[in-house]
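Undergrad: Numbers 391 to 764, taken from the numbering used here, label the letters of the sequence shown in order.
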Amino acid sequence: PERFSLVGTPAEFYQPRLDGPPFRALDRWLAEAGGETYRACLLRHPLRAWKAVYQARSELFSGDLTDYGPILTEMSAIANALFFSKSLLLLGGIVWVGCLIARKWEIPPFLLPPALSLGAITQAFIAFHGDAIEIPRHALIVRILLALAAWIAILTTIDTLLLHLVAFVRQGGWQRSLQWGCRSEPVRRNLRLLGRFFLVGLLLAPIEPLNESTVVDFSAPPGTLQVAVGHFRRDGKMLRSTAQRSILLLGRPTWTDYAVEAVFHDLSDGGILVRARDEKDALVFILRPAHGDLYWHRLEAGRWTTHYDVRKWEFPPSPLHVRVTARGSTFTAFLDGKRVSSVRVPDLERGRVGIYFCCQKGQGVSRWRVIDLR
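1. How far does the beta strand (DSSP E) with LYS702 in it extend, from its first residue to its last?
2. Only counting the same chain, and skipping five residues up and downstream in sequence, which positions put a Cβ closer than 6 angstroms to that of SER731?
3. According to DSSP, simplified to helix, strand and coil, what is LEU663?
4. Can you tell me which of the three DSSP states LEU763 falls into?
5. Let me make sure I understand the geometry here. Which of THR632, PRO643, GLY741, HIS687 has the alpha-carbon closest to that of ARG701?
6. Determine, using beta-carbon pairs with one atom in the region 657-671 and one in the region 736-754, whether at least three such pairs fall under 8 angstroms.
7. Shortest alpha-carbon distance to GLY727 belongs to which of THR720, THR715, THR547?
8. If you count every other CB in all the chains shown that lies within 10 Å of the CB of PRO643, and 16 or more means buried, which is it?
9. From GLY692 to PRO707, what does the alpha carbon distance come to, in whole angstroms?
10. When the Cα of ARG678 is compared with those of LEU710, TYR648, ILE637, which residue comes out closest?
11. Below 8 angstroms CB to CB, which residues in the same chain sit around VAL619 once its five sequence neighbours on both sides are set aside?
12. Assign PRO807 to buried or exposed, taking buried as 16 or more other Cβ atoms, counted over all protein chains shown, within 10 Å of its Cβ.
13. Where does TRP694 land, buried or exposed, given buried means 16+ other C-beta within 10 angstroms?
14. For ALA618, which beta-bridge partners are listed by DSSP?
15. By the three-class DSSP mapping on this structure, what secondary structure does ALA540 have?
16. Quick check on the burial criterion: 16 or more other C-beta atoms within 10 angstroms. Buried or exposed for SER452?
17. Beta strand (DSSP E) containing THR720: first to last residue?
18. Is ALA539 buried or exposed, if buried means 16 or more other CB atoms sit within 10 Å of its CB?
19. Give the straight-line distance between the Cα atoms of GLY661 and LEU536, rounded to the nearest whole angstrom.
20. Determine the direct distance from the alpha carbon of VAL617 to that of ARG354, and round the result to whole angstroms.
21. Is it the case that the Cβ atoms of PHE721 and LEU689 are separated by a distance below 8 angstroms?
22. Can you list, in chain order, the residues of its chain whose CB lies under 6 angstroms from that of GLY626, leaving out five sequence neighbours each side?
23. By the three-class DSSP mapping on this structure, what secondary structure does LEU738 have?
24. By DSSP, does SER507 sit in helix, in strand, or in coil?
25. Would you identify the three-state DSSP class for THR715, choosing helix, strand or coil?
26. To the nearest angstrom, report how far apart GLY752 and TYR746 are at their CA atoms.
27. What do you reckon, are the CB atoms on SER719 and ARG734 nearer than 8 angstroms?
28. On the CB-based measure, 16 or more other CB atoms within 10 Å of its CB, does ARG717 come out buried or exposed?
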């Protein structure tokens, strides 16, 4: 499955056109037999709708939304609006209003987890409607609902136990503590309110907003995109370096086997970082049309060390379609669909990916994506 697509990639690159004859035929089939076929599928395979949820590579409970957010292009605006620090005050206001409504209607807190779980079950059963790209979106929503249900249940349980513990200490005896704890509405209300804010904090803590000092003016998936060196600007459908040396990092340090694809424009000296611990420690596949060569270069502690498989190369005109795969300790590079180099480098088991430009401003990249090969 695709793990990332650079926001700003032309839509026709990753979305099928819906005006062709095959899609019109599919539309007719869905209108005539789609509903009946879908119901039959659910009856025969009732658990299949949960497959995308349970096999999701990124665990919401660990706070890693990397595998979901970037490919949910239609939800990127919502993610940016809710998860960035500029809107935390607004989000806090929404949570406060929700607390007031719950208090006014006297909603029993233990009813919320079953209600959210029921909503998750309903959402899971429509995980496979539409085209395949819809599956991660619905899987993400299901996981969010289940996580909310779990956290509310945990916090409500802690809330109740704390109330009765305080009552036991103050009143003495379990019977009186149960009676006093249930009547202590002010204490219950305050603890519950603190618990809800604690819940919001836990949900927002894993989201790492972009550094405000970073000069980058394109929408990016929250959490892992980092301009580590230099600056970039958006130029139509591509991203261009505006510094003599620029590095853009993406992903989690735990990523293992993957393929990185990118289209380079006006490339003079640059390439793709794989298995990067940071901008100072990675393996870089470098292409230098200005010098007529390509090679792998090990970057360690901020210093360029070992060269691998240095080759003279006659490059075609720009743009250059580059693909780099990392499987185990084997790294393979392709240029315009042709395999050009393969090396084995030990002690690089996992790491982030990145784009590297050197020595000249204005070099660009588009259609950058990472594909999971596990």
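Glycine included, C-beta positions come from ideal geometry on N, C-alpha and C.
TA: Result, derived from the coordinates:
1. Counting from one through the sequence shown, the residue named residue 702 turns up at place 312. It spans 693-702 - the beta strand (DSSP E) in which LYS702 sits, taken as one unbroken run.
2. Along the sequence shown, read from residue 1 onward, the residue named residue 731 stands at position 341. Cβ within range, chain order: ASP699, ALA723.
3. Reading the sequence shown from its first residue, position 273 is the one you call residue 663. Reduced to three states, the DSSP call for LEU663 is strand.
4. Along the sequence shown, read from residue 1 onward, the residue named residue 763 stands at position 373. Coil at LEU763, not helix or strand.
5. Against the sequence shown, residue 701 aligns to sequence position 311. Measuring from the Cα of ARG701, the nearest candidate turns out to be HIS687.
6. yes
7. Start at 1 with the first residue of the sequence shown, and residue 727 comes out as number 337. With distances taken between Cα atoms, GLY727 lies closest to THR715.
8. By 1-based counting over the sequence shown, the position of residue 643 is 253. So PRO643 ends up on the exposed side.
9. On the sequence shown, residue 692 is found 302 positions in, with the first residue counted as 1. On the sequence shown, residue 707 is found 317 positions in, with the first residue counted as 1. Cα to Cα, the separation comes out at about 32 angstroms.
10. The residue given as residue 678 occupies position 288 in the sequence shown. Residue LEU710 is the option with its Cα nearest to ARG678.
11. The count along the sequence shown starts at 1 and reaches residue 619 at position 229. ALA633, ARG635, SER636, ILE637, GLU669, listed in sequence order.
12. Any property of residue 807 remains undetermined from this structure, which presents the chain solely from 391 to 764.
13. Along the sequence shown, read from residue 1 onward, the residue named residue 694 stands at position 304. By the neighbour-count rule (16 or more Cβ atoms within 10 Å), TRP694 is not buried but exposed.
14. Your numbering for residue 618 matches position 228 in the sequence shown. ALA618 is not bridged to any residue.
15. The residue given as residue 540 occupies position 150 in the sequence shown. ALA540 falls in the helix class under three-state DSSP.
16. Taking the sequence shown and counting its residues from 1, the one referred to as residue 452 is at position 62. Because SER452 carries a pLDDT of 44, less than 50, the predicted location of this residue cannot be relied on, and no value is offered for it.
17. Mapped onto the sequence shown, residue 720 falls at position 330. Per DSSP, THR720 belongs to the beta strand (DSSP E) from 720-725.
18. By one-based count along the sequence shown, residue 539 stands at place 149. Classified as buried, ALA539 has 16 or more neighbouring CB atoms from the shown chains inside 10 Å of its CB.
19. Position 271 of the sequence shown holds residue 661. Position 146 of the sequence shown holds residue 536. The straight-line gap from Cα to Cα measures roughly 41 angstroms.
20. Beyond the ends of the chain as shown, which are 391 and 764, falls residue 354; an answer cannot be given.
21. As a working mapping, residue 721 is identified with position 331 in the sequence shown. As a working mapping, residue 689 is identified with position 299 in the sequence shown. Contact: no.
22. As a working note, residue 626 is residue 236 in the sequence shown. Cβ neighbours of GLY626 beyond the five flanking positions: none.
23. Here the question's residue 738 lines up with position 348 in the sequence shown. DSSP places LEU738 in coil when its eight states are reduced to three.
24. Here the question's residue 507 lines up with position 117 in the sequence shown. SER507 falls in the helix class under three-state DSSP.
25. Taking the sequence shown and counting its residues from 1, the one referred to as residue 715 is at position 325. Note: THR715 maps to strand in three-state DSSP.
26. Start at 1 with the first residue of the sequence shown, and residue 752 comes out as number 362. Start at 1 with the first residue of the sequence shown, and residue 746 comes out as number 356. Looking at the two C-alpha atoms, the distance is approximately 12 angstroms.
27. Numbered from its first residue, the sequence shown carries residue 719 at position 329. Numbered from its first residue, the sequence shown carries residue 734 at position 344. The answer is yes: Cβ separation under 8 angstroms.
28. By 1-based counting over the sequence shown, the position of residue 717 is 327. Exposed.
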